Amino acid sequence: MANLLKLSEATALALHTMVIIGKQETPISASPMAEQLCASEAHIFKVLQQLVRAGLLRSKRGPHGGYVLARSADEITLMDVYEVFEGPMRKDGCLFDKSACNRLDCILGDLVEDVRMKVVDRFTVTTLRQAGNN
């Protein structure tokens, strides 16, 4: 069975680090984010590098270096970050990799589709700034 919402540890770290960076007025390094998120600095660094390669972050070198958003926190959505790590979110509301029923007689009714749509809607419309204000 496929996950209703695939969310790896790297994705969770990416979502949180992007919100942290979005709140900063100056570049921030991996170390304070690792400490704040109780994660290894090496893992945070790998996540940040993937976000740089995806064009969502820029890295700045030097004594006052670190990471900054490549665009405004109002322009980057949670879905933008999610898709860097997980790819496109599933478009159907089935728990199976291949549909096991015709969806008209699904034992869960509309529950799976309702949950999926709520997640898609939230991730698509929520910007980093909005997520950081929750």
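Quick note: the sequence shown uses the numbering used here, first residue 34, plus one each step. Backbone N, C-alpha and C define an ideal beta-carbon position, used for all residues, glycine too. Remember, predicted model here, so these are calculated numbers, not experimental data.
Given a length threshold of 3 residues, each whole run of the beta strand (DSSP E) inside the segment 88-114 is given here in chain order: 90-93, 99-102. In this structure, the beta-carbon distance from methionine 51 to leucine 89 falls below 8 angstroms. Taking 8 angstroms as the upper bound for CB-CB distance, proline 65 and valine 101 are not in contact here, some 14 angstroms apart.
The Cβ atoms of alanine 72 and leucine 46 sit closer than 8 angstroms to each other. The residues Ala43, Leu46, Ala47, Thr50, in chain order, have a CB closer than 7 angstroms to that of valine 80 in the same chain once the five nearest residues on each side in sequence are set aside.
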